[in-house]
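Numbers 42 to 146, taken from the working numbering, label the letters of the sequence shown in order. From the three backbone atoms N, C-alpha and C, an ideal C-beta is built for every residue, glycine too. Just so it is clear, the structure is predicted and the values come from calculations on it, not from any experiment. Heads up, the thing below is written out as structure tokens.
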Amino acid sequence: MSEILKKLDQVLEDRKTKTSRESYVSSLYEQGIGKICDKVDEESKELINALKTESNERIISETVDLWFHSLIALSMKNLSSDDILLELEKRFGVSGHDEKRSRNT
């Protein structure tokens, strides 16, 4: 499954060289980090609403939208899905309570 993330990372990187007329992603890059933060906020609210009131298909669709816009935001900071997957791997097998405590110290 991480193959699709790698492909998406490549597409997002490619869109940095396109114009806003050529690509939705490019238009977000041109509008800057504030715009993509607004989109992530919007998509997270839509996912929360779907989780509370909508079908599994809508939940999946809204999750995809949130992930996609989050990956664009990461790309704006020159981060990729690999950075997130590495962090998830580090946390695998670590108690959530312990991990949270380590962030508070």
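* Which first and last residues belong to the alpha helix (DSSP H) in which V135 is found? -> Careful: V135 lies outside any alpha helix (DSSP H) and carries neither H nor E.
* Among R62, L46, T60 and V66, which residue has its Cα nearest to the Cα of M117? -> V66
* Beta-carbon proximity check, A114 vs I77, cutoff 8 Å -> yes
* Just checking, does the region 51 to 67 make contact with the region 123 to 140 on the three C-beta pairs under 8 Å criterion? -> no
* Can you find a heavy atom of the ligand SAM that lies under 7 Å from the Cβ of N97? -> Here there are no bound small molecules, and the ligand SAM is not part of this structure.
* Asked: To the nearest angstrom, how far is it from the Cα of K141 to the Cα of S96?
  -> 31 Å
* Measure the C-alpha to C-alpha separation of K48 and K86 and round it to an integer number of angstroms. => 27 Å
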